[in-house]
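Asks: One structure, pasted below without further comment.
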Amino acid sequence: MNEIKQIEGHLFNQAAVDDALLFDAMLILDRDMSYKVTLQKKVYQLVRQYGRKKLKAEVESVHQQLFSEARHKTFRQKIMRLFINPR
Amino acid sequence: MAAFNFLNNTLAKREQLFISLYKIAFPAVAKYVDKMGGSFDEAKDIFQDALVIYYEKGVGSAIELHTNEQAYLLGIAKHLWSKRFRESIQQVPIGAYSDVAGFIEDEDREPSPAKLMHYLETAGQRCMELLRAFYYDKLPVNTIAGLFGYSGVHSASVQKYKCIEKVREIVKEKSLAYEDFIE
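In order, the protein sequences belong to chains A and B. Going by the numbering used here, the letters in the first sequence line up with residues 608 to 694, in that order. Going by the numbering used here, the letters in the second sequence line up with residues 7 to 189, in that order.
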């Protein structure tokens, strides 16, 4: 777990100066470590991709509510009128 | 609109936020897209991307994001429209550009294999939800502990690192299966 934490500190530039220097040295000496860093970087990318995908689904569900439920009828009409009128 | 606290956002609160933002800003965005000759679906796509940009900018902060959400979202939408059609427009506020640039860069990046994402969404769902709360929604650790039922901030943090390790293992296994996935 410490290793995960260390790599996170390195990737997010959160490590103290001494620790950062030590980690940089370790990266040079330990090729396995640099592979782990690459993998962990991918994890954060995947988390963002996942988060964004889920958020977009939430936004889409709001859109569906607004464009189908009776209580949002006035809003819906206001929008639809824009696209019906000939330009 | 009522202040939205990004440090205490849950699914239900986000839904409320998006409904408010739709009502406040979608009419102006739709009007703009219509004026530019776009369709309802194009207005919808652009507005939804603008909402994601708005959200990603707001996470991790406690204060109300913008005093004028409508102007902000319209500015973002105009910029997204111009990106889409490679036209240059002048009337977009400078501040909006940087948020849009980062978003488009992420969207353009080679997506991870759909199979891997699907696997994470199913087999790794609990971990992905926890990691989302930490790194995407940027919630404070005590809020996360409460939401996920951990006894305290320490066990939530421990679980976070375990989850990173678990997902990292999955990425490693899958990267051997799908070539040129790790750049």
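Backbone N, C-alpha and C define an ideal beta-carbon position, used for all residues, glycine too. Everything numeric in this text was worked out from a predicted model, so none of it was measured.
Alpha carbon to alpha carbon, how far is F154 of chain B from A139 of chain B?
Replies: In a straight line, the C-alpha of F154 of chain B is about 10 Å away from that of A139 of chain B.
Asks: Using a Cβ-Cβ cut-off of 8 Å, state whether E665 of chain A counts as contacting chain B.
Replies: So, interface residue.
Asks: Three or more C-beta pairs closer than 8 Å, one from the region 127 to 139 of chain B and one from the region 166 to 179 of chain B: is that the case here?
Replies: The region 127 to 139 of chain B, when compared against the region 166 to 179 of chain B, does touch it at the 8 Å Cβ threshold.
Asks: State buried or exposed for L17 of chain B, treating a residue as buried only when at least 16 other CB atoms are found within 10 Å of its CB.
Replies: Result: exposed.
Asks: Provide the residue span of the alpha helix (DSSP H) that contains N11 of chain B, from first to last.
Replies: Element bounds for N11 of chain B: n/a, residue is neither H nor E.
Asks: Taking any Cβ of chain B, which residues in the region 650 to 665 of chain A have a Cβ under 8 Å from it, in chain order?
Replies: From the region 650 to 665 of chain A, only V650, Y651, Q652, L653, V654, R655, Q656, Y657, G658, R659, K660, K661, L662, K663 and E665 have a Cβ closer than 8 Å to chain B.
Asks: Does the beta-carbon of F619 of chain A have 16 or more other beta-carbons within 10 angstroms, so that it is buried, or is it exposed?
Replies: Exposed, since its Cβ has fewer than 16 Cβ neighbours within 10 Å.
Asks: Taking A24 of chain B as the query, report the chain A residues whose CB atoms sit under 8 Å from its CB, ordered along the chain.
Replies: Correcting the residue identity first, residue 24 of chain B is Phe in this sequence and not Ala. Residues of chain A passing the Cβ test: E665, V666 and V669.
Asks: Round the Cβ separation of R174 of chain B and V669 of chain A to the nearest angstrom and send it over; I've been treating them as touching at under 8 Å.
Replies: Incorrect: roughly 33 Å between the Cβ atoms, too far for contact.
Asks: Can you name, in chain order, every residue of its own chain whose Cβ lies under 7 Å from the Cβ of E48 of chain B, other than the five neighbours on each side?
Replies: If we look at E48 of chain B and ignore the five residues flanking it on each side, its Cβ neighbours are V39.
Asks: Counting only beta-carbon atoms, is I611 of chain A nearer than 8 Å to chain B?
Replies: Yes, I611 of chain A lies at the interface with chain B (some Cβ there is under 8 Å from its Cβ).
Asks: Alpha carbon to alpha carbon, how far is L27 of chain B from F109 of chain B? Give it in angstroms, no decimals.
Replies: Each residue's alpha carbon lies about 19 Å from the other.
Asks: Cβ atoms of Y60 of chain B and R724 of chain A: under 8 Å apart, would you say?
Replies: Here chain A covers residues 608 to 694 and nothing more, so residue 724 of chain A does not appear.
Asks: Which same chain residues end up closer than 6 Å to A56 of chain B when comparing Cβ atoms and leaving out the 5 residues on each side of it in sequence?
Replies: L79, I82 and A83, listed in sequence order.
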